[in-house]
Each structure stands twice: as structure tokens, then as C-alpha cells.
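Step one of this worksheet: look at the structure below.
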Ligand code: NAP
Ligand code: HSE
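Printed below as a string of C-alpha cells:
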């Protein structure tokens with residue numbers, strides 16, 4: 001059977017999908033009975049050099065050439081951003097065309113509207129490539145784990161920031177230098193601040209947590225901190241304490257409430273997530289029946305992500321006519337918002353620069369005590385003229401107590417700077 005596919009976008013991911021169909025199309029036809037044919041590709045600039053051997057007639061700057069072509073039954077979107085992606089996806093679904101997307105932002109923000117449109121026309125909406133690139137986590141969540149209640153998700157789900165943090169740590173290179181490399185390798189978002197400030201991870205966590213906990217975890221409910229304030233000094237002090245730095249996405253359910261957070265995190269160097277380097281992603285899932293699972297693989301890049309897109313296209317062809325509501329099982333569209341707990345418990349790493357005077361340590365310890373935060377260890381390093389770095393690691397404490405303690409420390413005259421506050425997960 002011939003399957004007409006229209007692309008929205010032909011950048012890193014679009015060209016990856018095109019190359020996979022070119023390289024493995026015959027094999028897919030033999031195995032699956034599907035001849036995947038890319039009919040048109042919407043781009044901004046049809047004259048751009050693309051480094052791919054392709055008929056220039058494929059490209060168009062007019063979305064109608066994709067959305068209104070009756071020969072196109074599957075629209076594959078990899079333009080990025082919320083708009084106009086949302087509008088084009090909606091129009092495709094309303095015309096009964098199945099949509100396969102790698103765009104986590106549009107799914108995380110507009111899922112109920114898109115899912116509803118898909119339900120009305122019976123079109124499919126697939127987004128395996130939107131979370132963790134080539135790692136098959138969405139299908140696993142939708143199909144393989146549905147005998148479980150998920151209790152916890154913890155993972156590295158952004159390749160760019162993992163590339164940056166692991167290279168900074170392993171090679172001592174600067175943030176800017178490694179970011180430039182991640183962009184060149186095609187891992188970063190069209191706007192890399194989305195990666196660095198944790199937005200990309202937040203969108204992905206919204207999708208994963210909504211599926212895992214069968215409730216809507218909208219992006220507004222997720223605490224987010226990126227890695228732009230992380231320095232080589234933080235990473236080096238962490239190493240002295242046996243800790244490795246990663247940007248983690250965490251969602252846990254307890255007593256009917258959900259904590260959902262994205263932030264740079266220190267984990268023990270012996271933790272399995274500390275071994276996840278470069279653009280690799282890894283996701284831990286704890287199910288009440290299956291126990292602990294870990295998914296691992298390339299979380300970004302043209303071919304790994306393209307692999308997930310093509311697998312969704314094949315699944316969509318085989319599932320034709322059978323609507324699948326990914327988030328809410330097969331029972332419809334889930335709009336009920338999760339109850340969020342914003343006062344979770346973790347250990348903390350706090351790095352200060354203090355004026356080196358007698359009594360300063362006692363004053364800081366007093367503030368910790370006032371806010372019920374107990375200190376696990378302290379490191380004081382050599383002086384730099386009149387100031388000295390002071391590093392604390394706490395026992396488990398409540399998030400809000402720790403924030404209040406840090407606010408109070410700003411009023412201690414000898415505290416010259418609060419350099420960084422980083423959460424620690426064991
Ligand atoms: P990209 O290289 O910047 O490609 C974007 C493509 O979309 C380009 O071809 C661009 O056209 C086209 N485009 C953008 N806005 C458009 C508009 N308004 N009208 C027409 N065409 C438009 O981005 P990418 O890295 O492929 O990422 C695309 C999507 O995949 C994003 O949602 C991203 O989050 C997701 N994703 C990326 C990766 C990764 O590793 N890069 C992995 C998983 C998911 P021109 O070429 O003419 O500029
Ligand atoms: N920019 C994203 C990342 C692409 O680095 O993980 C994959 O979603």
C-alpha cells in the first residue's frame with residue numbers, strides 16, 4: 001500500500017526522517033507492506049541548501065500544499081514551536097489526516113484541543129519522537145505499562161543539557177563552547193534557550209507525567225530551573241563530594257498529590273543516571289506491579305529521532321480507523337488537572353561566598369536551625385583575599401523551608417554572595 005506523507009518542516013528531524021525512508025524504505029515495504037512516499041515538505045525558505053539529495057520540487061512555502069493535498073494521508077510535523085504548528089496540526093486532524101509529531105511544546109500545551117480534534121474525525125495523533133528522541137518511552141507508557149499504577153518517574157530527558165553538563169564535567173570545558181558543539185550536532189532546539197532554561201524538559205515531563213498518572217500535568221504545575229547558572233566550580237565541588245550534576249525531570253505521586261519538577265540535580269557518582277553522558281537520555285519508572293524500569297538511548301539528533309517518527313508512521317498505518325487516545329488510555333480526553341505539591345523534600349547543596357570572620361559559620365548554622373534544616377556536611381576552602389567559599393550539604397529538608405533559610409542568609413552581612421543552591425537526590 002502506498003502511504004502519502006506530507007512534512008511540515010525539513011530541518012534536522014525532517015531530513016533525518018527523509019533519509020531513513022530513503023535508506024530503509026524497501027525494507028519497510030517488504031516487512032510492513034507499506035510504501036512510504038514523501039509528497040511535499042513545507043519550509044520557510046524553499047531555496048535553502050539542505051545537504052540532502054532531494055528533488056527541489058518537494059519543497060513548498062504554502063501550507064495548503066500539504067494540508068489540502070488529498071494524496072497525503074499522514075502529516076508529519078517537525079517545525080517546532082507552538083504556533084503555527086498547533087494551527088496546522090489542528091487543520092490536518094480536522095480533515096481526517098493522521099498527525100505524527102516530534103514537537104513536545106505543541107503537545108504539552110495544546111494536547112486536549114488536539115486530542116479532541118483527533119477524536120472527532122478518528123484521525124491518529126502520534127508523538128513518540130516528542131520525548132527522549134529515539135527511546136521508545138511513549139509506546140511503553142501507553143501500552144506496556146498499562147497494568148500498573150506509576151509511582152515515580154525520574155530521568156534525563158534533554159540531550160543538549162546532558163551533553164553540556166557531562167562535557168563540562170569530564171573535560172572541564174566552558175558552557176558556551178560545549179553549547180556551540182551541541183548546536184552543531186543538531187541536538188539543540190531551534191531556540192536553544194528552550195534546552196538551557198529547562199523548558200524542553202518541562203514540556204516532556206508534562207507529557208510523560210500526564211500519561212503516567214492519567215491526569216493532566218500542565219506546564220504551569222511543573223517547577224522549572226535550567227542550567228544557565230551552573231558553573232564549573234559547582235561541578236568541581238560536587239565531584240569532591242562524590243556527586244555528579246545532571247538536569248533531572250522528576251514526578252512522584254504521594255497521598256493523592258503530585259510533585260513535578262525540573263532542575264539541575266546532584267546525584268551520587270555511583271547512581272545509574274550519572275553514567276548517562278552526552279546526548280543520551282535515560283528514564284527510570286517505578287510501577288506498583290513491575291517495579292523499577294530504566295529506558296536508555298539517544299535522546300536527540302536527526303536519525304534517532306527520525307527513527308521514532310518513522311515507527312509512529314508505520315504504527316499509524318496499521319492502526320488506521322482505530323482511534324487511540326494516548327493520554328487517557330482509550331477512554332477519551334483527560335482534562336482534570338493534577339493536584340500539585342510544591343513543597344517536596346530533598347537534600348540540598350548550598351555554595352556561599354563569605355567574609356572570612358570568626359562567627360560567620362555559627363550565624364549561618366543558626367539560620368539553618370531556625371528553618372528546621374539540618375546540616376550533613378560543610379566544606380570551607382582556601383581564602384581569596386578576605387572571602388572564602390563555604391559549601392553546605394543538608395539532610396533532607398522541605399523545599400520551602402530551604403528557600404526561606406536562603407532568603408534569611410541574604411541578610412547576614414558576612415554572606416557576600418549566595419552562589420548556588422542545588423538539589424541532591426540519592
Ligand atoms: P530545525 O532544524 O530548526 O527545523 C525546523 C524546520 O521547520 C525547518 O525546515 C524550517 O524551515 C521549518 N519551519 C519552521 N517554522 C516554519 C514556518 N513558520 N513555516 C514553514 N516552515 C517552518 O528544527 P529541528 O531540530 O528539526 O526540530 C524540529 C522539531 O523536532 C522541534 O519541535 C523539536 O523540539 C523536535 N525535536 C528535535 C530533536 C533534535 O534532536 N533536534 C529531537 C526530538 C524532537 P527552513 O528550513 O526553511 O528554515
Ligand atoms: N533539544 C532536544 C534535546 C531535542 O536536546 O533533548 C530532543 O527532544
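In our numbering, the protein residues as written are 1 to 426. For every residue, glycine included, the Cβ atom is placed at its ideal position computed from N, Cα and C.
**Asked** Just to confirm, are residue 310 and residue 20 a CB contact at a threshold of 8 Å?
**Response** Along the chain shown, read from residue 1 onward, the residue named residue 310 stands at position 310. Along the chain shown, read from residue 1 onward, the residue named residue 20 stands at position 20. Yes, the Cβ-Cβ distance between residue 310 and residue 20 is below 8 Å.
**Request:** Note the first and the last residue of the continuous alpha helix (DSSP H) segment covering residue 430.
**Result:** Lying outside 1 to 426, the shown extent of the chain, residue 430 is not represented and no answer is given.
**Asked** Fully enclosed by the region 131-200, which alpha helix (DSSP H) runs are 4 residues long or longer?
**Response** 159-171, 175-184, 193-196
**Request:** Check each candidate in 383, 69, 101, 214 and name the one with the smallest Cα separation from residue 427.
**Result:** Any answer about residue 427 is impossible in this case: the structure gives the chain only from 1 up to 426.
**heavy atom of ligand 2 below 7 Å from residue 159 C-beta** = In the chain shown, the residue the question calls residue 159 occupies position 159. It does: the Cβ of residue 159 is within 7 Å (strictly closer) of some heavy atom of ligand 2.
**Item:** Close beta carbons around residue 386, own chain, < 7 Å, minus the five adjacent residues each side
**Value:** Taking the chain shown and counting its residues from 1, one reaches residue 386 at position 386. Once the five neighbours on either side are set aside, the close Cβ partners of residue 386 are 355, 356.
**Request:** Write down every uninterrupted run of the alpha helix (DSSP H) in the region 54-136 whose length is 4 residues or greater and which is fully enclosed by it, in chain order.
**Result:** 64-67, 85-94, 104-121
**Request:** Run the proximity test for residue 300: is its beta-carbon closer than 7 Å to any non-hydrogen atom belonging to ligand 1?
**Result:** The residue you call residue 300 lines up with position 300 of the chain shown. Residue 300 Cβ: within cutoff of ligand 1.
**Request:** Work out the CA separation of residue 124 and residue 320 for me, nearest whole Å.
**Result:** Position 320 of the chain shown holds residue 320. Position 124 of the chain shown holds residue 124. C-alpha separation (whole angstroms): 8 Å.
**Message:** Taking a contact to mean a Cβ-Cβ separation below 8 Å, would you say residue 216 touches residue 128 in this structure?
**Reply:** Here residue 216 refers to the residue found at position 216 of the chain shown. Here residue 128 refers to the residue found at position 128 of the chain shown. The answer is no: Cβ separation not under 8 Å.
**Prompt:** If you check the beta carbons only, do residue 247 and residue 103 fall under 8 Å apart?
**Reply:** The count along the chain shown starts at 1 and reaches residue 247 at position 247. The count along the chain shown starts at 1 and reaches residue 103 at position 103. It is not a contact, given that the beta carbons lie outside the stated cut-off.
**Request:** Please name the residue or residues paired with residue 263 in a DSSP beta bridge.
**Result:** Here the question's residue 263 lines up with position 263 in the chain shown. For residue 263, which the question treats as bridged, DSSP gives the partners 248.
**Request:** Measuring alpha carbon to alpha carbon, tell me which of 371, 245, 394, 365 ends up nearest residue 377.
**Result:** Within the chain shown, residue 377 is the residue found at index 377, counting from 1. Nearest C-alpha to residue 377: 394.
**Message:** Going by C-alpha to C-alpha distance, which of 232, 203, 227 sits closest to residue 219?
**Reply:** Working through the chain shown from its first residue, we reach residue 219 at position 219. Nearest C-alpha to residue 219: 203.
**Own chain partners of residue 339 with C-beta closer than 8 Å, once the 5 adjacent residues on each side are dropped** = For this step, residue 339 is matched to residue 339 along the chain shown. Result list for residue 339: 256, 257, 258, in chain order.
**Prompt:** For residue 345, which residues does DSSP report across the bridge?
**Reply:** Residue mapping note: residue 345 aligns to position 345 of the chain shown, counting from 1. Answer by DSSP bridge pairing, in chain order: 398.
**Prompt:** Where do the N-terminal and C-terminal ends of the beta strand (DSSP E) with residue 360 fall, by residue?
**Reply:** Translated into the one-based positions of the chain shown, residue 360 becomes position 360. First-last for residue 360: 360-370, but that is the alpha helix (DSSP H), not the beta strand (DSSP E).
**Three-way DSSP call (helix, strand, coil) for residue 329 in this model** = Indexing the chain shown from 1 puts residue 329 at position 329. Only weak support is given to the placement of residue 329: the predicted model assigns it a pLDDT of 46, under 50, and the value that follows is read from those uncertain coordinates. Residue 329 falls in the coil class under three-state DSSP.
**Nonlocal neighbours in the same chain, by C-beta distance under 7 Å from residue 289, ignoring five residues either side** = Taking the chain shown and counting its residues from 1, the one referred to as residue 289 is at position 289. The residues are 147, 148.
**Asked** Which whole-angstrom value describes the C-beta separation of residue 316 and residue 72, a residue pair presumed to lie in contact below a C-beta threshold of 8 Å?
**Response** To locate residue 316, count along the chain shown from 1; it is residue 316. To locate residue 72, count along the chain shown from 1; it is residue 72. Incorrect: roughly 13 Å between the Cβ atoms, too far for contact.
**Item:** Where the beta strand (DSSP E) containing residue 10 begins and where it ends
**Value:** In the chain shown, the residue the question calls residue 10 occupies position 10. Unbroken run through residue 10: none, as it is neither H nor E.
**Prompt:** Which whole-angstrom value is the C-beta distance of residue 295 and residue 135, which I expect to be below 8 Å?
**Reply:** By 1-based counting over the chain shown, the position of residue 295 is 295. By 1-based counting over the chain shown, the position of residue 135 is 135. 5 Å between Cβ atoms; contact.
**Prompt:** By how many angstroms is the C-alpha of residue 165 removed from the C-alpha of residue 37?
**Reply:** The sequence position of residue 37 within the chain shown is 37, counting from 1. The sequence position of residue 165 within the chain shown is 165, counting from 1. Approximately 39 Å between the Cα atoms of the pair.
**Request:** Using 7 Å as the cut-off, classify the Cβ of residue 42 as near or not near the heavy atoms of ligand 1, replying yes or no.
**Result:** Taking the first residue of the chain shown as position 1, residue 42 is located at position 42. The answer is yes for residue 42.
**Request:** Please go through the same chain and pick out, in chain order, the residues whose beta-carbon is closer than 8 Å to the beta-carbon of residue 213, but skip the five residues on each side of it.
**Result:** In the chain shown, counting from the first residue as 1, residue 213 sits at position 213. Cβ within range, chain order: 150, 251, 253, 258, 338.
**Prompt:** Given 8 Å as the limit, is there contact between the region 177-188 and the region 105-119, that is, 3 or more CB pairs closer than that?
**Reply:** no
**Request:** Could you spell out the range, first to last residue, of the alpha helix (DSSP H) harbouring residue 306?
**Result:** Position 306 of the chain shown, counted from the first residue, corresponds to residue 306. Here the alpha helix (DSSP H) through residue 306 covers 302-319.
**Message:** Output needed for residue 461: all residues of its chain with C-beta closer than 7 Å, excluding positions within five of it in sequence on either side, in chain order.
**Reply:** There is no way to answer for residue 461, as the model of the chain reaches only from 1 to 426.
**Asked** Which term fits residue 79, buried or exposed, when burial requires 16 or more other beta carbons within 10 angstroms of its beta carbon?
**Response** Position 79 of the chain shown, counted from the first residue, corresponds to residue 79. Residue 79 should be labelled buried.
**Request:** Measure the alpha-carbon distance for residue 242 versus residue 271 and round it to whole angstroms.
**Result:** Translated into the one-based positions of the chain shown, residue 242 becomes position 242. Translated into the one-based positions of the chain shown, residue 271 becomes position 271. Their Cα atoms are separated by approximately 10 Å.
**Prompt:** Alpha carbon to alpha carbon, how far is residue 17 from residue 308?
**Reply:** Within the chain shown, residue 17 is the residue found at index 17, counting from 1. Within the chain shown, residue 308 is the residue found at index 308, counting from 1. Between residue 17 and residue 308, the C-alpha separation is close to 9 Å.
**Asked** Taking the DSSP output, what are the residues bridged to residue 205?
**Response** Start at 1 with the first residue of the chain shown, and residue 205 comes out as number 205. Looking at the DSSP assignment, residue 205 forms no beta bridge with any residue, so it has no partner.
**Request:** Determine the direct distance from the alpha carbon of residue 187 to that of residue 228, and round the result to whole angstroms.
**Result:** To locate residue 228, count along the chain shown from 1; it is residue 228. To locate residue 187, count along the chain shown from 1; it is residue 187. Cα-Cα distance, rounded: 17 Å.
**Asked** Looking only at C-alpha atoms, which of 261, 240, 277 sits nearest to residue 381?
**Response** If you number the chain shown from 1, residue 381 lands on position 381. Looking at the Cα atoms, 240 is the closest of the given residues.
**Asked** Is DSSP giving residue 390 helix, strand or coil here?
**Response** On the chain shown, residue 390 is found 390 positions in, with the first residue counted as 1. If DSSP states are grouped into helix, strand and coil, residue 390 belongs with the strands.
**Request:** Would you tell me roughly how many angstroms separate the C-alpha atoms of residue 99 and residue 412, rounded to the nearest one?
**Result:** Numbered from its first residue, the chain shown carries residue 99 at position 99. Numbered from its first residue, the chain shown carries residue 412 at position 412. Going by the C-alpha atoms only, they are around 57 Å apart.
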